[in-house]
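K.L.:
Below: one structure in structure tokens.
2 protein chains.
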Amino acid sequence: MTQPIVLDWEKISSLLDQIEIHEPMKQAFIEYSNGNAEIPPVGELLFEEPPGEVHIKYGYIKGGSFYVIKIASGFSGNNQLGVKPGQGMMLLFDIVTGIPKAILIDQANLTDLRTGIAGAMASVLLANEGTESVAIIGNGVQARYQARCLMELMPIKIINVWGRDKEKSKKLQQDLSDLDAELLIHEDLADVIKQNKLIITTTSSKKAIIQSNWVQPGTHITAVGSDTPEKCELDSDILSRADIVVADSIPQNQLRGEIHQALKKGTIQPNELVEIGQIFEGSAQGRNHFDQITVADLTGVAVQDLVIAEAVYKVAIS
Amino acid sequence: MTQPIVLDWEKISSLLDQIEIHEPMKQAFIEYSNGNAEIPPVGELLFEEPPGEVHIKYGYIKGGSFYVIKIASGFSGNNQLGVKPGQGMMLLFDIVTGIPKAILIDQANLTDLRTGIAGAMASVLLANEGTESVAIIGNGVQARYQARCLMELMPIKIINVWGRDKEKSKKLQQDLSDLDAELLIHEDLADVIKQNKLIITTTSSKKAIIQSNWVQPGTHITAVGSDTPEKCELDSDILSRADIVVADSIPQNQLRGEIHQALKKGTIQPNELVEIGQIFEGSAQGRNHFDQITVADLTGVAVQDLVIAEAVYKVAIS
Chain A
1 MTQPIVLDWE KISSLLDQIE IHEPMKQAFI EYSNGNAEIP PVGELLFEEP PGEVHIKYGY
61 IKGGSFYVIK IASGFSGNNQ LGVKPGQGMM LLFDIVTGIP KAILIDQANL TDLRTGIAGA
121 MASVLLANEG TESVAIIGNG VQARYQARCL MELMPIKIIN VWGRDKEKSK KLQQDLSDLD
181 AELLIHEDLA DVIKQNKLII TTTSSKKAII QSNWVQPGTH ITAVGSDTPE KCELDSDILS
241 RADIVVADSI PQNQLRGEIH QALKKGTIQP NELVEIGQIF EGSAQGRNHF DQITVADLTG
301 VAVQDLVIAE AVYKVAIS
Chain B
1 MTQPIVLDWE KISSLLDQIE IHEPMKQAFI EYSNGNAEIP PVGELLFEEP PGEVHIKYGY
61 IKGGSFYVIK IASGFSGNNQ LGVKPGQGMM LLFDIVTGIP KAILIDQANL TDLRTGIAGA
121 MASVLLANEG TESVAIIGNG VQARYQARCL MELMPIKIIN VWGRDKEKSK KLQQDLSDLD
181 AELLIHEDLA DVIKQNKLII TTTSSKKAII QSNWVQPGTH ITAVGSDTPE KCELDSDILS
241 RADIVVADSI PQNQLRGEIH QALKKGTIQP NELVEIGQIF EGSAQGRNHF DQITVADLTG
301 VAVQDLVIAE AVYKVAIS
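Each protein sequence line maps, in turn, to chains A and B. 173 is the number that our numbering gives to position 173 of the first sequence; each next residue is one higher, with no gaps. 22 is the number that our numbering gives to position 22 of the second sequence; each next residue is one higher, with no gaps.
This is the structure:
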């Protein structure tokens, strides 16, 4: 029997400039929202000492070639050991026989990348046209991915960054110095929110850090930081004020993220939600007025993992 | 970063005669029953066309070195394609950092083996001493594993086999001809049950095939066939008649297998259940009379996958 291909991150990253992912990702969201994907609830394994968490996302699109299992872990103590906190792999299996086809030992980087790509796609989809500045809240790995992925899709001239630790923001500024945009570091979160109409939140906060009265008409917020039942970056009043609240997966967002928090508080109702796949397809309305407030809460769906793993696999065997 | 070792089934199977698994498996069941293992509910992915199912079992023992994720699939159409129906892999990750350490592409064989080992351990634990004949119900892969694993632990002289398809039973007879026991093929299921006091059920039946009035005093039944919410081999009255009903995992057996079926019908109550780890440890009573009827319903717990994957890994790197 043919063995699966096994690729480490060095090899995977060397293939990434050959993959085209935006259109397949859009189609995958559409298939998902049309009920053509089988995506069970996220599997979760928690560790206390040392603290860590593992997320297992898995599923398939009907009529596709593969099913995917994605394992992504975060062990925060790894930094002290000189090890990357994110680890894991994406696995592709033949959908007809179950035979393993690809083992992508991506150290959770493909998860970060597909989150960056989906975030940028949501930002383009829902921000006002002509937007030339963005506020990125947080200065970690995902802040970098959101900036890079957004720059591929929008003519951004100014990237405003806010993070609790200014030194980390300076490091981010250096890391993104190759981008063709001015990167400004800010210390007043309220001011940054008030002065930007495209906001991307990437922190792992467990309480709301962005207040509703800071958010101006015409703002779009892409929230990618909160992907668990506990995490939360936005005052839930922002979601009730929003004209459009977009989930990547309504069932999953009911259990995780900003939407979960707002539903729990009763500030929004499930029937007010739309999925990003519905807007991509045109079966739900996206922004139709300059002054609307829109929120896209992305918790990460296994169809995204399927799309990126399949794209890497196809390039690898070509 | 050191890459994980990747072993295919050919390599894994060449290592198996070097592993000692019974004592670690016993200890793992004890740890599990003592609450020292973190085992989330089984993940399940189902396929309609062609039909297939994937089970994802995962977890860790506190204080151990690894967490495990086990993927085992069954696609029944594979036979027609000349492909083994069972596929999958076992993955070991460092419990401190999440770094992947071992990828065992076992085609679900390690799952079959650890099921065979656990079944044999339950049979030895609960059958009357001096038992020299066994009835194995079913003639598939797991019937073979149960026979081989039992022969390592008990002085069995006669293996009685019953299966719907006599030709398959003859094939099993050939496959097990190296065993130091007489293998007899039977056609009357009632007779086989009545005449044996150690019964191992290995079918994938979805309705009870073994009636309660066939089961004689002093009988022990190890039921390994039914591992899903739908599957069922035993008339639920057998469980209510039994003096001891043993689960491998009470939470999991409440959702899957014979115990799940009997609880649903109300023929047994949750407080009547004990776990095999409790009997191994001595904190619950095992058989204490020759005429008792005992049932061990094994649905397969991730600690078993952890033990066997760890054993293979240790031999592989030694």
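We put the beta carbon where it would ideally sit given N, CA and C, even for glycine.
Cα separation between A:Pro251 and A:Glu44?
P.N.:
What you label residue 251 of chain A is simply residue 251 of the first sequence in a count that begins at 1. What you label residue 44 of chain A is simply residue 44 of the first sequence in a count that begins at 1. Approximately 16 Å between the Cα atoms of the pair.
K.L.:
Please identify, using Cβ separations under 7 Å, the residues of the segment 268-284 of chain A that lie next to chain B, in order along the chain.
P.N.:
none
K.L.:
In this structure, how does DSSP classify A:Glu31 when only helix, strand and coil are distinguished?
P.N.:
What you label residue 31 of chain A is simply residue 31 of the first sequence in a count that begins at 1. Three-state result, A:Glu31: helix.
K.L.:
As a quick exercise: from B:Gly98, B:Arg144 and B:Lys84, pick the residue whose alpha carbon is nearest that of A:Leu81.
P.N.:
For the purposes of this step, residue 81 of chain A is taken as the residue at position 81 of the first sequence. Nearest C-alpha to A:Leu81: B:Gly98.
K.L.:
Against chain A, which members of the segment 31-45 of chain B pass a CB distance test of less than 8 Å?
P.N.:
Cβ proximity to chain A below 8 Å picks out Glu38, Pro40, Gly43, Glu44 and Leu45 from the segment 31-45 of chain B.
K.L.:
Start and end of the beta strand (DSSP E) containing B:Trp162?
P.N.:
Stepping through the second sequence from its first residue, residue 162 of chain B is reached at position 162. For B:Trp162, the uninterrupted beta strand (DSSP E) run begins and ends at Ile158 to Trp162, by DSSP.
K.L.:
Using alpha carbons as the reference points, say which of B:Gly119, B:His22 and B:Pro4 lies closest to B:Thr201.
P.N.:
Against the second sequence, residue 201 of chain B aligns to sequence position 201. Comparing Cα-Cα distances from B:Thr201 to each of B:Gly119, B:His22 and B:Pro4, the minimum goes to B:Gly119.
K.L.:
What's the gap between the Cα of B:Leu110 and the Cα of B:Thr299?
P.N.:
Locating residue 110 of chain B in the second sequence gives position 110, counting from the first residue. Locating residue 299 of chain B in the second sequence gives position 299, counting from the first residue. Spanning the two alpha carbons is a distance of roughly 15 Å.
K.L.:
Who are the near neighbours of B:Ile293 in its chain, counting only those whose CB is closer than 7 Å to its CB and skipping five residues on each side?
P.N.:
To locate residue 293 of chain B, count along the second sequence from 1; it is residue 293. Val215, Pro217, Thr219, Arg241, Ala242 and Asp243.
K.L.:
Hey, is A:Gln87's beta-carbon within less than 8 Å of any beta-carbon in chain B?
P.N.:
Translated into the one-based positions of the first sequence, residue 87 of chain A becomes position 87. Judged by the 8 Å Cβ criterion, A:Gln87 is in contact with chain B.
K.L.:
Since I believe A:Asp297 is in contact with A:Glu258 (beta carbons under 8 Å), could you give me their beta-carbon distance rounded to a whole number of angstroms?
P.N.:
Along the first sequence, one-based indexing puts residue 258 of chain A at 258. Along the first sequence, one-based indexing puts residue 297 of chain A at 297. The pair is a contact, with the Cβ atoms about 4 Å apart (cut-off 8 Å).
K.L.:
Checking contacts by CB at 8 Å: is B:Asn78 closer than that to chain A?
P.N.:
Stepping through the second sequence from its first residue, residue 78 of chain B is reached at position 78. With 8 Å as the cut-off, B:Asn78 counts as an interface residue toward chain A.
K.L.:
Answer yes or no: do A:Leu198 and A:Trp162 have a C-beta to C-beta separation smaller than 8 Å?
P.N.:
Residue mapping note: residue 198 of chain A aligns to position 198 of the first sequence, counting from 1. Residue mapping note: residue 162 of chain A aligns to position 162 of the first sequence, counting from 1. Not in contact: A:Leu198 and A:Trp162 (Cβ atoms no closer than 8 Å).
K.L.:
Express the C-alpha separation of A:Ile238 and B:Ile56 in angstroms, rounding to a whole number.
P.N.:
As a working note, residue 56 of chain B is residue 56 in the second sequence. As a working note, residue 238 of chain A is residue 238 in the first sequence. Spanning the two alpha carbons is a distance of roughly 38 Å.
K.L.:
In chain order, what residues of the same chain lie with their CB nearer than 8 Å to the CB of B:Glu275, ignoring the 5 residues before and after it?
P.N.:
As a first step, residue 275 of chain B is located in the second sequence; it is residue number 275 there, counting from the start. Counting only Cβ-Cβ distances below 8 Å, and skipping sequence neighbours, we find Phe29, Tyr32, Ser33, Val246, Ala247, Asp248, Ser249, Ile250 and Ala284.
K.L.:
Determine the chain A residues that contact B:Pro24 at a beta-carbon separation under 9 Å, and present them in chain order.
P.N.:
For this step, residue 24 of chain B is matched to residue 24 along the second sequence. The premise fails here: B:Pro24 is roughly 21 Å from chain A at the closest Cβ pair, so nothing lies under 9 Å.
K.L.:
For B:Met25, which of helix, strand or coil comes out of DSSP?
P.N.:
Within the second sequence, numbered from 1, the residue matching residue 25 of chain B stands at position 25. Three-state DSSP puts B:Met25 in a helix.
K.L.:
Can you find a CB in chain B that lies within less than 8 Å of the CB of A:Ile136?
P.N.:
Taking the first residue of the first sequence as position 1, residue 136 of chain A is located at position 136. By this cut-off, A:Ile136 is not an interface position.
K.L.:
Output yes if chain E places a C-beta closer than 8 Å to the C-beta of A:Thr299; else output no.
P.N.:
The structure shown contains no chain E; the protein chains it does contain are A and B.
K.L.:
Starting from A:Val68, trace the beta strand (DSSP E) in both directions and tell me its first and last residue.
P.N.:
Walking along the first sequence from the start, residue 68 of chain A turns up at place 68. For A:Val68, the enclosing beta strand (DSSP E) has its first and last residue at Phe66 to Gly74.
K.L.:
What residue range is occupied by the uninterrupted alpha helix (DSSP H) comprising B:Thr111?
P.N.:
For this step, residue 111 of chain B is matched to residue 111 along the second sequence. Counting along the chain, the alpha helix (DSSP H) containing B:Thr111 begins and ends at Asn109 to Leu126.
K.L.:
Helix, strand or coil for A:Glu281? Go by DSSP, reduced to three states.
P.N.:
As a first step, residue 281 of chain A must be located in the first sequence, where it is residue number 281. It is helical.
K.L.:
Hey, does A:Phe29 have any beta-carbon neighbour from chain B nearer than 8 Å?
P.N.:
As a working note, residue 29 of chain A is residue 29 in the first sequence. At a cut-off of 8 Å between C-beta atoms, A:Phe29 does not count as an interface residue with respect to chain B.
K.L.:
If you count every other CB in all the chains shown that lies within 10 Å of the CB of B:Lys101, and 16 or more means buried, which is it?
P.N.:
Position 101 of the second sequence, counted from the first residue, corresponds to residue 101 of chain B. It is buried - the Cβ of B:Lys101 has at least 16 other Cβ atoms within 10 Å.
K.L.:
For a test of the three-state rule: what should DSSP assign to A:Asp297, helix, strand or coil?
P.N.:
Working through the first sequence from its first residue, we reach residue 297 of chain A at position 297. DSSP places A:Asp297 in strand when its eight states are reduced to three.
K.L.:
According to the neighbour-count rule (16 or more other Cβ atoms, all chains shown, within 10 Å of its Cβ), is A:Ser318 buried or exposed?
P.N.:
Looking up residue 318 of chain A in the first sequence gives position 318. Per the 10 Å Cβ criterion, exposed.
K.L.:
So is B:Asp112 in contact with chain A if we call contact Cβ pairs under 8 Å?
P.N.:
Along the second sequence, one-based indexing puts residue 112 of chain B at 112. No, B:Asp112 does not count as interfacial toward chain A.
K.L.:
With B:Ile69 and B:Val54 assumed to form a contact (beta carbons below 8 Å), what rounded beta-carbon distance in angstroms separates them?
P.N.:
Reading the second sequence from its first residue, position 69 is the one you call residue 69 of chain B. Reading the second sequence from its first residue, position 54 is the one you call residue 54 of chain B. That belief does not hold up - the Cβ atoms of B:Ile69 and B:Val54 are roughly 12 Å apart, past 8 Å.
K.L.:
As an exercise, report each continuous beta strand (DSSP E) stretch of at least 3 residues that is fully enclosed by the segment 162-210 of chain B, in chain order.
P.N.:
182-186 and 198-201
K.L.:
So that I know if they touch, is there some Cβ in chain B lying closer than 8 Å to that of A:Asp305?
P.N.:
Counting from 1 along the first sequence, the entry for residue 305 of chain A is found at position 305. The Cβ of A:Asp305 sits no closer than 8 Å to any Cβ of chain B.
K.L.:
How far does the beta strand (DSSP E) with B:Gly86 in it reach, from first residue to last?
P.N.:
Numbered from its first residue, the second sequence carries residue 86 of chain B at position 86. Taken as a continuous stretch (DSSP letters only), the beta strand (DSSP E) holding B:Gly86 covers Gly86 to Asp94.
K.L.:
With B:Gly218 as the anchor, note down where its alpha helix (DSSP H) starts and where it stops.
P.N.:
Here the question's residue 218 of chain B lines up with position 218 in the second sequence. Premise fails: B:Gly218 is in no alpha helix (DSSP H) and is neither H nor E.
K.L.:
Taking the alpha carbon of A:Met25 as the reference point, which residue from A:Ala311, A:Val315 and A:Ala316 has its own alpha carbon closest?
P.N.:
The residue labelled residue 25 of chain A in the question sits at position 25 within the first sequence. Out of A:Ala311, A:Val315 and A:Ala316, the CA that lies nearest to the CA of A:Met25 is found in A:Ala311.
K.L.:
Using beta carbons (cut-off 8 Å, strictly below), is A:Ser73 in contact with chain B?
P.N.:
By 1-based counting over the first sequence, the position of residue 73 of chain A is 73. At least one chain B Cβ lies under 8 Å of A:Ser73.
K.L.:
Is the Cβ of B:Thr294 closer than 8 Å to any Cβ of chain A?
P.N.:
Taking the second sequence and counting its residues from 1, one reaches residue 294 of chain B at position 294. Judged by the 8 Å Cβ criterion, B:Thr294 is not in contact with chain A.
K.L.:
Mind listing the chain A neighbours of B:Gly52? Cutoff is C-beta to C-beta under 7 Å, in chain order.
P.N.:
Looking up residue 52 of chain B in the second sequence gives position 52. By Cβ distance, chain A contributes Gly98.
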